[in-house]
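*Asks:*
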Amino acid sequence: MDGDISLTGAIAAFLLAAAAVWWAGSRLPRHVVILSEKTGLGQGLAGMLVLGGITSLPELATATSAAAMGAPLLALNNILGSASFNILLLALADMALGSRPLTSVIAHPVTLIQGVLGMLLLATVAMAIVVGGAGVHGPVGLWSTGILILCIVSLGISNRSERRPMWIVLNPPDLGIMADDGPKDVGWTPLLLALGGLAAVVLTGGVVLASAADRIASGSGLGVGVVGLTFAAAATSLPELSAIVGAVRHKRYELAVGEVFGSNLFNLSIIFIIDLVARGDPVLARAGTFEAVAALLALAMSGIFVLGLIERRDRTFLWMGEDSIAAIALYIVGTVYLITLRLP
39 MDGDISLTGA
49 IAAFLLAAAA
59 VWWAGSRLPR
69 HVVILSEKTG
79 LGQGLAGMLV
89 LGGITSLPEL
99 ATATSAAAMG
109 APLLALNNIL
119 GSASFNILLL
129 ALADMALGSR
139 PLTSVIAHPV
149 TLIQGVLGML
159 LLATVAMAIV
169 VGGAGVHGPV
179 GLWSTGILIL
189 CIVSLGISNR
199 SERRPMWIVL
209 NPPDLGIMAD
219 DGPKDVGWTP
229 LLLALGGLAA
239 VVLTGGVVLA
249 SAADRIASGS
259 GLGVGVVGLT
269 FAAAATSLPE
279 LSAIVGAVRH
289 KRYELAVGEV
299 FGSNLFNLSI
309 IFIIDLVARG
319 DPVLARAGTF
329 EAVAALLALA
339 MSGIFVLGLI
349 ERRDRTFLWM
359 GEDSIAAIAL
369 YIVGTVYLIT
379 LRLP
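Just so you know, this note's numbering puts 324 at position 286 of the sequence shown, and the rest follows in order with no gaps.
(1) Count the other CB atoms, across all protein chains shown, that sit within 10 Å of the CB of aspartate 219; report buried if there are 16 or more and exposed otherwise.
(2) In the DSSP assignment, what are the bridge partners of glycine 359?
(3) For isoleucine 377, which three-state DSSP category applies?
(4) Take isoleucine 72 as the anchor and find which of Val169, Ala285, Gly257 and Gly372 has the nearest alpha-carbon.
(5) Pair every Cβ in the stretch 344-361 with every Cβ in the stretch 186-205, then say whether three or more of these pairs are closer than 8 Å.
(6) Rounded to a whole number of angstroms, what is the C-alpha to C-alpha distance between glycine 318 and alanine 238?
(7) May I have the straight-line CA-CA distance separating leucine 87 from alanine 332, to the nearest angstrom?
(8) Should glycine 372 be labelled buried (16 or more other beta-carbon atoms within 10 Å of its own) or exposed?
(9) So for aspartate 132, helix, strand or coil by DSSP?
(10) Considering only the beta carbon of each residue, do alanine 106 and alanine 113 sit closer than 7 Å?
(11) Taking the alpha carbon of valine 321 as the reference point, which residue from Leu118, His69 and Ala56 has its own alpha carbon closest?
(12) Here's the rule: buried if 16 or more other CB atoms are within 10 angstroms of the residue's CB, otherwise exposed. What is methionine 157?
(13) Assign methionine 358 to buried or exposed, taking buried as 16 or more other Cβ atoms, counted over all protein chains shown, within 10 Å of its Cβ.
(14) Determine, using beta carbons only, whether proline 67 and alanine 367 come nearer to each other than 7 Å.
(15) Output needed for isoleucine 185: all residues of its chain with C-beta closer than 8 Å, excluding positions within five of it in sequence on either side, in chain order.
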C-alpha cells in the first residue's frame, strides 16, 4: 500500500478486506464437507488438508506481501500470532457447543496426533529463534528448510493415522450429525469452481490485509510486532473462525479441530517462503525474544487443548470446558506480556 495512503484509509481497507475474507470463509465448510464425502476423507483429515489449507491462504498472502515489502518480521509475527489466535478461536467456539466441552466430543486419534505435531513444530520454531542459524544458498535458512520438511512429514503422518488408526476411544459420544444445508449431489466441476472462487477471494483479501497492516504499523507507532501479532493475525484468522463455528454448529467437531491444527501446520511452512521472498538474512535469524515468546505462547495453548483431548473431561463452566477457559486466560496474559515487550 502506498505510503501516501492515510492511516484512516488503511484502516478502512483493512476492514473491507477482512469482511471479504469472512464472507468467503463462512461458505467454505459446506463445500469441504461435500468434497470429504465424495473422496472418502475423514473429517479430521479433510479439515487439515482442505479447509486448513484454504484458510491459510490469507497468511500466505500476508506473509509473502510483507516479506516482499521488506517487512519479514511482520510476516513472521503474523504467522505466530495466527497460530495462537487459531487456538483461541477453538476456545471461543466451545461456547457454541455449550452443553459439553469441545474436547470431550472428539473421538478420533488423528486429531490428537495433529495437535502433537503442531506442538513439535512450534517448539522447533522457538528453538530456531534462540539458537539462530545460517543461510543455505543465500537467504533460505537451515531452520526454515527443516521446518518445511517437518510440515510435509506431519501431513504424511496425519494421513496414515486417519486411514489406519492404531487406537480408539472407549464409549465415544453419540451426538449425531446435523443435516447440512444445500444439495449433496453437486458435480465435481461446480464443486471445484466454488472452492477455487472462494479460495481466490480469501487470497486477494490477504494481499490487501498485508498492505493495510504494514501501513497501520508505520502510522500508529505500535510497531510491526504488535500489529502482526494482533491486527493481521486476527483478520487473517477470520476464515478459521467462520469455518470453526459452522462446523461446530453442524456437529462436525473433528472437522473444526482438524481445521485449526492443520491451518497451523500450513502456516508454519510459510516461514520457508518468507526466506525465499525477503532479502537479507533468514527471518528466524532476525527474530528475537518477542517472536520466541509468541511461538511458545502458541505452543502452550496447543498443549492445553491436547491435554483436554486426552482427558476428555465432561464438565463446563460459563458454557466452556476448563481447557478452553485456561487457553483464553493464557492468551490474554501472553498477549499483554508481548505488548509490554514493545513498549518504550
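Glycine included, every Cβ here is placed at the ideal spot set by N, Cα and C.
*Replies:* On the basis of the supplied data:
(1) Because aspartate 219 sits at a pLDDT of 48, beneath the cut-off of 50, its placement in the model cannot be relied upon, and the following sentence gives the value as read from the coordinates. Aspartate 219 is exposed by the Cβ-count criterion.
(2) Partner(s): Thr354.
(3) helix
(4) Ala285
(5) no
(6) Answer to the nearest angstrom: the Cα atoms are 30 Å apart.
(7) 25 Å
(8) buried
(9) Here aspartate 132 carries a helix assignment [DSSP, helix/strand/coil].
(10) no
(11) Leu118
(12) buried
(13) Flag for methionine 358 reads buried.
(14) no
(15) Here isoleucine 185 has Leu159, Thr162, Val163, Ala166, Leu306, Ser307, Ile309 and Phe310 as same chain residues with Cβ atoms under 8 Å from its own Cβ, once five neighbours each way along the sequence are excluded.
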